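*Asks:*
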Amino acid sequence: MDSLLQKIYRMTRNDIVEARKHLVVGGGTPGPTLVRGKGVRVWDVDGKSYIDCTSQSWAMYLGFGNEEIAEALYEHSKNMTHIHQGFDSLPRFYLARELAKLAPGTLNRVSFTVGGGPAIEAAMKIALRNRKTSKEFIALWDAYHGTILSAASASWIATQASGRFTGQQNFLHMLHTVHRVPNPYCYRCYFGQQPDTCDLMCAEMLRLTLQRGVNGPAAGLLVEPVQASGGQIILPKRYLERVRQICNEFGVLLIYDEIQTYCRIGEWFAAIHYGVYPDIIVLGKGLGGGLPIAAIIIDDKLESFGMDVEELHTFANNSLAQVAAAKQIEIIERDGVLENTRRVGAYLAEHLQSLQQEFPEIGDIRQVGLHIGVEFIQDPKTKEPAVDKCVQIRDEGMKLGAIFGLGGARRNVLKIKPPLILKLDEADEILDILRQAIRRVLRS
Ligand SMILES: Cc1ncc(COP(=O)(O)O)c(C=O)c1O
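If you want it as C-alpha cells, here you go:
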C-alpha cells in the first residue's frame, strides 16, 4: 500500500480526537467515521457495517468501490486529472454529447460546473441572460437548492419552515429576495383540498404571484420535481403541467432542479418521467459516480453563456469527474440500472405500506424509484410531526446496521435512498431493520 495511505488508514482513535480539533464542518447529519464501502454497504473505523440508505448525500448511484469506475479513473488520471475551463477536452465533449442525447426535447447544450449550488446559480444566470428586463425569481415553499447564497435564498433553510430559523440567518444581508409560492404538498394541502380532484390552488398562487406579487417580469421559476430535502414531496404531474402553462403565459423560464431526481426516480430525468419539459435542467450529486461535478442542460432556444468571464470556475472542467460520469452512464445503460431502480423501489414501497398498517405513526409513504420518504406523525388525526421519534428510529436503525436519511422541512421524514444497484434481498434487509427500529421506538 502507498506509504501515505498507510498513514491515513492507520490513524488511531487518539489521532482522530486530535485531528478533529483542526476541522470545521458547516452542516450535515453526523454519522460514523467511514473507512470503506462495497456495493450498498459501508464500514466504519470499528469494523461495523451498514447498508447505506443515504448513498452518502444521495450521490453514490452505483454504490461503493465500483471497480469499473475505479479502473477508468486510474487509467485516465495517469493522463489528465484537471484541465482549465477555457481549453477543450475529449471527456468534456463526450459527456456533453451523451447528456444531450439523453435529455428530452430540445434541451441539448450542457455547461459544466463544480457543484449543485453553483449549477443552480448558473441556471439563474442563464435565466437572467434570456430575460434581460427581469431581476426576480420564484421558488416553492420547502424547496432546497443549496447553501451557496443565491441558492439558499430560494431554499427553506432561509425561512422558518421547520419552526425555527437555521444558521442561514447569519448571512441575511447577502441573501436575495426570492418569492416563494405554495408547494403541492398533498398530504398536508394548505388549501384543505383532496389530491387528484383539487383545483390546483397552489399552481394558481404562482399565477397570482406573477401578476401581483413581483416587481416586473420574473426571470425563472425553480422547481425540484421531487422536493427532496423539504420532505420527499412528489410533485403531481398535473401540477407541473399547469406550472408549465403558467410559465409559458408569463414568459418565465422553468428550471428543474434535477440534482436528486436524475436516475434516482428510475428515469434519466424527471422531465421524461413526467412528460413535462423545463427550459433548463440542473444536475449534480449522483451525476459524477461519486466525483464532484454538476451541470446545467439548456434548451436550444435559449442564449447560453458568452466567453467574457460570465461563468468561470477553476475546476469546472474536471476531467476525472467527467470520465466517471460518462462511465456511470455506460454502466447504467448496460446493466438496466434504471429498471432495477423502478422495480426495487416499488417493492420497498409495497412492503412499507404493510408496515404502515401495523404502525399508524407512519403518516405517509412517498416513493418514486429509489427516492423514498416515510413521514412520521404523532397521530393520524392531527398529523402532528413526530420529530423526536423519527430521529430515534434513525438512531436505532444505525445500531442495527442501516443508515437512514433524516430530513424534511418539518424534520419528520425518514429517507430511504440507497444506491440504485440495491437488490431485492438487500431491500428485505432494510425493511427488516426498519421494522425492528420502529418497534423499539414506538412499541417498547
Ligand atoms: C435538490 C438539490 N438541489 C441543490 C443542492 C445543492 O447541491 P450541492 O450540495 O452540491 O451544492 C442539493 C443538495 O443537497 C439538492 O438536494
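Just remember that the numbering used here sits 516 ahead of the position in the sequence shown, which is counted from 1.
Glycine is no exception: its CB is placed at the ideal position from the N, C-alpha and C atoms.
Quick caveat, the model's predicted, so the values are computed rather than measured.
Taking the straight line between their C-alpha atoms, what separation do you get for Ser573 and Lys801?
*Replies:* Along the sequence shown, one-based indexing puts residue 573 at 57. Along the sequence shown, one-based indexing puts residue 801 at 285. Those two C-alpha atoms are separated by around 7 Å.
*Asks:* Taking only runs that begin and end inside the region 558-635, name each unbroken alpha helix (DSSP H) of 4 or more residues, in chain order.
*Replies:* Runs of the alpha helix (DSSP H) inside the region 558-635: 571-574, 583-593, 606-618.
*Asks:* How would you label Lys648, buried or exposed, when you count the other beta carbons within 10 angstroms and need 16 or more for buried?
*Replies:* Sequence index remark: in the sequence shown, residue 648 carries index 132 (1-based). Per the 10 Å Cβ criterion, exposed.
*Asks:* For Lys753, does the count of other Cβ atoms within 10 angstroms reach 16, so buried, or fall short, so exposed?
*Replies:* As a working note, residue 753 is residue 237 in the sequence shown. When all chains shown are included, Lys753 counts as exposed.
*Asks:* Per DSSP, which one or two residues make a beta bridge with Arg552?
*Replies:* In the sequence shown, residue 552 corresponds to position 36, counting from 1. According to DSSP, which records beta bridges pairwise, Arg552 is partnered with Trp559.
*Asks:* Any heavy atom of ligand 1 inside 7 Å of the beta-carbon of Ala735?
*Replies:* Residue mapping note: residue 735 aligns to position 219 of the sequence shown, counting from 1. Because no heavy atom of ligand 1 lies under 7 Å away, the Cβ of Ala735 does not count as near it: no.
*Asks:* Please determine, among Ile812, Lys933, Met527, the residue with the shortest C-alpha to C-alpha distance to Ala862.
*Replies:* For the purposes of this step, residue 862 is identified with residue 346 of the sequence shown, where counting begins at 1. Out of Ile812, Lys933, Met527, Lys933 has the C-alpha closest to the C-alpha of Ala862.
*Asks:* Excluding the 5 residues flanking Tyr703 on each side, which residues of the same chain have their C-beta closer than 6 Å to its C-beta?
*Replies:* One-based indexing of the sequence shown puts residue 703 at position 187. Hits under 6 Å: Asp880.
*Asks:* Where do the N-terminal and C-terminal ends of the alpha helix (DSSP H) with Lys915 fall, by residue?
*Replies:* The count along the sequence shown starts at 1 and reaches residue 915 at position 399. 903-916 is the span of the alpha helix (DSSP H), which, as asked, contains Lys915.
*Asks:* For ligand 1, is there any heavy atom lying closer than 7 Å to the beta carbon of Asp773?
*Replies:* By 1-based counting over the sequence shown, the position of residue 773 is 257. Yes, Cβ of Asp773 sits closer than 7 Å to a heavy atom of ligand 1.
*Asks:* What are the start and end residues of the beta strand (DSSP E) that includes Leu656?
*Replies:* Residue 656 sits at position 140 when you count from the first residue of the sequence shown. That run of the beta strand (DSSP E) goes 652-656.
*Asks:* In the DSSP assignment, find the unbroken alpha helix (DSSP H) run with Gln883 in it and report its ends.
*Replies:* Locating residue 883 in the sequence shown gives position 367, where the first residue counts as 1. Where Gln883 is concerned, there is no enclosing alpha helix (DSSP H), although the beta strand (DSSP E) it sits in stretches over 878-884.
*Asks:* Which residue comes first and which comes last in the beta strand (DSSP E) that contains Tyr772?
*Replies:* Reading the sequence shown from its first residue, position 256 is the one you call residue 772. Looking at the DSSP string, the run of the beta strand (DSSP E) that includes Tyr772 is 769-773.
*Asks:* Tell me which residue opens and which closes the beta strand (DSSP E) that Lys931 is part of.
*Replies:* Taking the first residue of the sequence shown as 1, we reach residue 931 at position 415. 929-932 is the span of the beta strand (DSSP E), which, as asked, contains Lys931.
*Asks:* For ligand 1, is there any heavy atom lying closer than 7 Å to the beta carbon of His789?
*Replies:* The residue you call residue 789 lines up with position 273 of the sequence shown. Not so, every heavy atom of ligand 1 lies at least 7 Å from the Cβ.
*Asks:* Among the residues of its own chain, which have a CB less than 6 Å from the CB of Glu652, if the five just before and after it don't count?
*Replies:* Looking up residue 652 in the sequence shown gives position 136. Answer for Glu652: Val730, Ala734, listed in chain order.
*Asks:* Assign Gly923 to one of three DSSP states: helix, strand, or coil.
*Replies:* What you label residue 923 is simply residue 407 of the sequence shown in a count that begins at 1. Note: Gly923 maps to strand in three-state DSSP.
*Asks:* On the three-pair Cβ rule with 8 Å, is the region 750-765 touching the region 604-617?
*Replies:* Counting Cβ pairs under 8 Å, fewer than three are found: no touch.
*Asks:* If you draw a straight line from the alpha carbon of Asp518 to that of Thr549, how long is it in whole angstroms?
*Replies:* Mapped onto the sequence shown, residue 518 falls at position 2. Mapped onto the sequence shown, residue 549 falls at position 33. So the two alpha carbons sit approximately 21 Å from each other.
*Asks:* Could you name the residues that DSSP lists as bridge partners for His695?
*Replies:* Locating residue 695 in the sequence shown gives position 179, counting from the first residue. Answer by DSSP bridge pairing, in chain order: Ile654.
*Asks:* Do the region 841-858 and the region 704-720 make contact, defined as three or more Cβ pairs closer than 8 Å?
*Replies:* Short answer: they don't touch.
*Asks:* Given 8 Å as the limit, is there contact between the region 775-790 and the region 583-595, that is, 3 or more CB pairs closer than that?
*Replies:* At 8 Å Cβ cutoff, the stretches do not touch.
*Asks:* Who are the Cβ neighbours of Leu854 in its own chain at under 6 Å, not counting the five residues just before and after it?
*Replies:* Residue mapping note: residue 854 aligns to position 338 of the sequence shown, counting from 1. So the qualifying residues of the chain are Gly782.
*Asks:* Is the CB-CB distance between Glu827 and Lys641 below 8 Å?
*Replies:* The residue labelled residue 827 in the question sits at position 311 within the sequence shown. The residue labelled residue 641 in the question sits at position 125 within the sequence shown. Contact: yes.
*Asks:* Taking Tyr577 as the reference, which of Val556, Asp816, Trp657 has the closest Cα?
*Replies:* Against the sequence shown, residue 577 aligns to sequence position 61. Nearest C-alpha to Tyr577: Val556.
*Asks:* For Arg608, I'd like the list of residues in its chain whose CB is within less than 7 Å of its CB, leaving aside the five on either flank, ordered along the chain.
*Replies:* Working through the sequence shown from its first residue, we reach residue 608 at position 92. Closer than 7 Å at the Cβ level, and outside the excluded window around Arg608, lie Phe628, Asn833, Gln838.
*Asks:* Near Pro698, what residues of its chain come up, given a Cβ to Cβ distance below 6 Å and the 5 sequence neighbours on each side ignored?
*Replies:* The residue given as residue 698 occupies position 182 in the sequence shown. So the qualifying residues of the chain are Trp657, Tyr706, Cys718, Met721.
*Asks:* For Ala840, I'd like the list of residues in its chain whose CB is within less than 8 Å of its CB, leaving aside the five on either flank, ordered along the chain.
*Replies:* On the sequence shown, residue 840 is found 324 positions in, with the first residue counted as 1. So the qualifying residues of the chain are Ile585, Ala588, Leu589, Gly804, Gly805, Gly806, Leu807, Ile809.
*Asks:* Considering only the beta carbon of each residue, do Val860 and Leu947 sit closer than 8 Å?
*Replies:* As a working note, residue 860 is residue 344 in the sequence shown. As a working note, residue 947 is residue 431 in the sequence shown. The answer is no: Cβ separation not under 8 Å.
*Asks:* Using only the heavy atoms of ligand 1, determine whether one of them is closer than 7 Å to the beta carbon of Tyr525.
*Replies:* Your numbering for residue 525 matches position 9 in the sequence shown. Every heavy atom of ligand 1 is 7 Å or more from the Cβ of Tyr525, so no.
*Asks:* Are Ala643 and Gly736 close, meaning C-beta to C-beta below 8 Å?
*Replies:* The sequence position of residue 643 within the sequence shown is 127, counting from 1. The sequence position of residue 736 within the sequence shown is 220, counting from 1. A contact, by the Cβ cut-off of 8 Å.
*Asks:* How many Å lie between Gln701 and Glu877 at the Cα?
*Replies:* Taking the sequence shown and counting its residues from 1, the one referred to as residue 701 is at position 185. Taking the sequence shown and counting its residues from 1, the one referred to as residue 877 is at position 361. Here the sequence assigns Tyr to residue 701, which means Gln is not the residue at that position. C-alpha separation (whole angstroms): 18 Å.
*Asks:* Check whether the region 523-543 and the region 896-910 are in contact - that is, three or more C-beta pairs closer than 8 Å.
*Replies:* Not touching, per the Cβ criterion.
*Asks:* Hey, is Gly632 close to ligand 1, as in C-beta under 7 Å from one of its heavy atoms?
*Replies:* For the purposes of this step, residue 632 is taken as the residue at position 116 of the sequence shown. Within the cutoff, so yes.
*Asks:* Closest to Leu691 by C-alpha separation, out of Gly924, Ser666, Gly683, would be which residue?
*Replies:* Here residue 691 corresponds to residue number 175 of the sequence shown, with the count starting at 1. Of Gly924, Ser666, Gly683, the residue nearest in Cα terms is Ser666.
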